[in-house]
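Residue numbers (the numbering used here): 2 to 400.
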């Protein structure tokens with residue numbers, strides 16, 4: 002019975018009918034046509050990307066000005082997005098070349114199930130093997146995912162109440178808002194096994210993050226430094242944003258998505274309330290542009306000339322589409338309309354790469370780490386992944 006229930010929950014998660022069933026918004030026919038075209042174009046782009054990918058590497062980014070790629074090994078936090086996007090696109094196009102490439106690269110990725118040095122196993126393993134398991138469930142995929150959940154669980158501290166993100170100095174316990182995105186793997190592990198320990202870790206992390214990571218205006222810090230011995234907060238900062246007290250756009254997107262997902266998995270209203278608070282901060286912010294493609298930081302000093310972050314916009318669109326299914330009619334329309342605007346603008350020539358360009362990536366104009374001057378105004382694998390996911394969610398409202 003547990004196996005049957007788990008399978009049903011997984012299918013609901015993948016097709017997003019949970020949100021769709023509660024949402025009365027009607028997708029626009031014109032955008033649906035654009036999205037279908039986007040899937041076809043994206044499939045061609047990812048075939049181009051596959052041709053240029055070394056056999057044991059994963060795509061990281063591409064520099065249009067030089068025509069050079071940057072690749073990673075399987076241990077990089079983004080390694081799961083490439084196979085995940087291939088599998089999403091395969092579901093939409095039925096192009097077996099995409100599926101075969103996903104299977105090839107999953108074989109390179111699978112060793113990371115035992116990686117205990119990273120908090121990003123949700124990104125790496127659930128976005129990849131999780132989606133593969135939904136298409137073709139197998140004991141092998143289940144074991145890889147369970148081993149990944151076990152590895153992730155080793156980074157949890159009951160004293161702090163969180164999963165450690167980065168390894169810092171002695172007695173530092175660093176936790177980033179991004180880590181909310183890795184909890185899905187733990188929720189899945191409890192669904193798949195009946196072992197509640199994974200669920201309890203995920204809930205503890207979500208609760209502690211909700212208590213400490215957010216400011217009075219419901220924006221989020223990027224990094225919290227806890228005392229590893231006492232669990233007390235030692236420092237609050239923002240590593241990838243403009244300043245410690247600024248609102249880094251992708252960080253706000255991670256929080257929005259993470260708490261929407263936490264509500265889906267637990268049905269605990271406090272997570273829905275938190276997601277709504279984050280959405281309110283984003284949508285009502287005076288620096289949120291009319292086209293809804295966020296500046297890389299809400300407090301970037303050179304707004305309105307600051308760079309946009311297409312990856313943050315894609316994450317926001319996907320989260321808002323799901324969140325629109327859990328709220329009252331007024332909020333639902335607002336969230337849905339915002340996501341629709343984002344998808345329309347990301348589908349324009351300004352953000353969507355022309356066929357055969359951009360190294361095979363789908364979206365242009367992502368911002369990775371501005372303070373480090375890395376991945377600035379370039380395509381990013383997670384931008385592509387959440388753009389495709391958001392389009393699937395939008396399309397599912399029509400079905």
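Where a beta carbon is used, it is the ideal one built from N, C-alpha and C, also for glycine.
How many Å lie between residue 145 and residue 304 at the Cα? Rounded to the nearest whole angstrom, the CA to CA distance from residue 145 to residue 304 is 45 Å.
Measuring CB to CB, does residue 82 end up less than 8 Å from residue 296? Contact flag unset, no.
Determine the extent of the alpha helix (DSSP H) in which residue 274 is found, giving its start and end residues. For residue 274, the uninterrupted alpha helix (DSSP H) segment begins and ends at 270-285.
Buried versus exposed, by CB contacts within 10 Å (16 or more), residue 246: Exposed.
By alpha-carbon positions, which one of 182, 254, 108, 77 ends up nearest to residue 289? When only C-alpha atoms are compared, the closest one is 254.
What are the complete alpha helix (DSSP H) segments, minimum 4 residues, inside the region 95-170? Complete alpha helix (DSSP H) runs here, min 4: 97-110, 132-136, 140-154.
Between the C-alpha atoms of residue 389 and residue 300, what's the straight-line distance to the nearest angstrom? If I take the Cα positions, the gap works out to 28 Å.
Cα-Cα separation, residue 123 to residue 224: For residue 123 and residue 224, the distance between alpha carbons rounds to 18 Å.
Where do the N-terminal and C-terminal ends of the beta strand (DSSP E) with residue 177 fall, by residue? Counting along the chain, the beta strand (DSSP E) containing residue 177 begins and ends at 173-177.
Based on Cα-Cα distance, which residue from 234, 230, 160 lies nearest to residue 177? The shortest C-alpha separation from residue 177 is found at 234.
Which residues in the same chain as residue 258 place their Cβ atom closer than 6 Å to its Cβ, once the five residues preceding and following it in sequence are excluded? Hits under 6 Å: 316, 320.
Report the partner residues of residue 63 according to the DSSP bridge assignment. Under DSSP, the beta-bridge partners assigned to residue 63 are 70.
Within the region 195-273, ranges of the beta strand (DSSP E) (whole runs, at least 3 residues): Entirely contained in the region 195-273, the beta strand (DSSP E) runs reaching 3 residues are, in chain order, 224-228, 234-238.
Look at the Cβ atom of residue 256, then the Cβ atom of residue 248, and state whether they are nearer than 8 Å. In this structure, residue 248 does not lie closer than 8 Å to residue 256 by Cβ.
Name the DSSP bridge partner or partners of residue 364? According to DSSP, which records beta bridges pairwise, residue 364 is partnered with 353.
Residue from 369, 362, 398, 29 with nearest C-alpha to residue 68: Cα-wise, what sits closest to residue 68 is 362.
Determine the closest residue to residue 87 out of 56, 40, 111, with distance taken between C-alpha atoms. For residue 87, the nearest C-alpha among the options comes from 40.
Would you say residue 345 and residue 32 are within 8 Å of each other, going by their C-beta atoms? A contact, by the Cβ cut-off of 8 Å.
Work out the CA separation of residue 170 and residue 270 for me, nearest whole Å. So the two alpha carbons sit approximately 36 Å from each other.
Using a Cβ distance threshold of 8 Å, determine whether the region 191-201 contacts the region 112-131, with at least three qualifying pairs required. Contact between the region 191-201 and the region 112-131 is absent, because fewer than three Cβ pairs lie under 8 Å.
Whole angstroms is fine: what's the gap from residue 26's alpha carbon to residue 398's? Straight-line spacing of the CA atoms in residue 26 and residue 398 works out to 8 Å.
Buried versus exposed call for residue 357 [16 or more other C-beta atoms within 10 Å across all chains shown]: Label assigned to residue 357: exposed.
Spatial neighbours of residue 275 within its chain, please: C-beta separation below 7 Å, excluding the five flanking residues on both sides. The answer, listed in chain order, is 211, 260.
When the Cα atoms are used, what is the spatial distance from residue 107 to residue 84? Put simply, the backbone Cα of residue 107 is about 7 Å away from that of residue 84.
Helix or strand or just coil, what does DSSP make of residue 382? Looking at residue 382 - three-state DSSP - the assignment turns out to be helix.
So the candidates are 394, 393, 386; which of them puts its Cα closest to the Cα of residue 61? Out of 394, 393, 386, 386 has the C-alpha closest to the C-alpha of residue 61.
In angstroms with no decimal places, state the Cα-to-Cα distance between residue 164 and residue 141. Whole-angstrom Cα-Cα distance: 26 Å.
Coarse secondary structure for residue 29, derived from DSSP in three states: Three-state DSSP puts residue 29 in coil, outside helix and strand.
Please work out which residues of its chain come closer than 8 Å, Cβ to Cβ, to residue 111, disregarding the five sequence neighbours upstream and downstream, and give them in chain order. Take residue 111, set aside five residues on each side of it, and the residues of its chain with a beta-carbon closer than 8 Å to its own are 130, 145, in chain order.
Under DSSP, the alpha helix (DSSP H) around residue 75 begins and ends at which residues? No alpha helix (DSSP H) holds residue 75; DSSP gives it neither H nor E.
Taking residue 159 as the reference, give the member of 209, 72, 149 with the closest Cα. The option with the nearest alpha carbon to residue 159 is 209.
In terms of alpha-carbon separation, which member of 280, 63, 369, 377 lies closest to residue 49? Measuring from the Cα of residue 49, the nearest candidate turns out to be 63.
Does DSSP classify residue 342 as helix, strand or coil? Correct three-state label for residue 342: helix.
According to DSSP, what are the bridge partners of residue 309? For residue 309, which the question treats as bridged, DSSP gives the partners 296.
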